[in-house]
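In structure tokens form, the structure reads like this:
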């Protein structure tokens with residue numbers, strides 16, 4: 001169950017980053033509030049997951065989900081540049097996240 005919590009926390013991290021982008025430097029109220037809500041949810045769930053997972057593995061998976069999700073969101077919906085190198089790098093991050101998860105680190 002702790003891994004599910006970390007995955008959800010990572011998804012909230014993606015929502016946090018998207019809200020931050022949409023807030024335009026905290027000048028747009030709704031995305032600014034969304035950023036705070038998603039940040040609290042993301043970090044809160046990370047803290048819950050860390051009760052039973054190793055910090056290094058859980059944190060790496062959490063940030064990996066955030067990085068892959070945010071980069072993908074940017075390329076798919078926000079007009080960020082798409083390149084082979086970016087996609088290959090995302091694949092490497094995903095491979096690392098899967099590898100860390102398979103390596104264990106939970107109790």
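In the UniProt record's numbering, the protein residues as written are 1 to 107. C-beta atoms are modelled at their ideal positions from N, C-alpha and C, and glycine is treated no differently.
Exposed or buried, residue i, counting other C-beta atoms within 10 Å across all chains shown (16 or more means buried)?
i          : result
residue 35 : buried
residue 85 : exposed
residue 88 : exposed
residue 77 : exposed
residue 12 : buried
Whole-angstrom Cβ separation of residue i and residue j, contact assumed at under 8 Å?
i          : j           : result
residue 70 : residue 17  : 4 Å
residue 68 : residue 100 : Contact flag wrong, Cβ pair sits at about 13 Å.
residue 14 : residue 56  : Actually they do not touch by this definition, with Cβ atoms about 21 Å apart.
residue 19 : residue 31  : 5 Å
Kindly list the residues whose CB is nearer than 6 Å to the CB of residue i, restricted to its own chain and excluding five residues on each side of it in sequence; keep chain order.
i          : result
residue 97 : 61 and 64
residue 10 : 62, 65 and 66
residue 22 : 31
Skipping 5 residues on each side, what residues in its chain have a beta carbon closer than 7 Å to that of residue i?
i          : result
residue 74 : 80
residue 39 : 16
residue 82 : 75
residue 26 : 32
Please decide whether residue i counts as near chain C, where near means a Cβ-Cβ distance under 9 Å.
i         : result
residue 2 : The structure shown contains no chain C; it is built from a single protein chain.
Quiz item: Should the segment 5 to 16 be regarded as contacting the segment 49 to 65, the criterion being three or more beta carbon pairs within less than 8 Å?
Solution: yes
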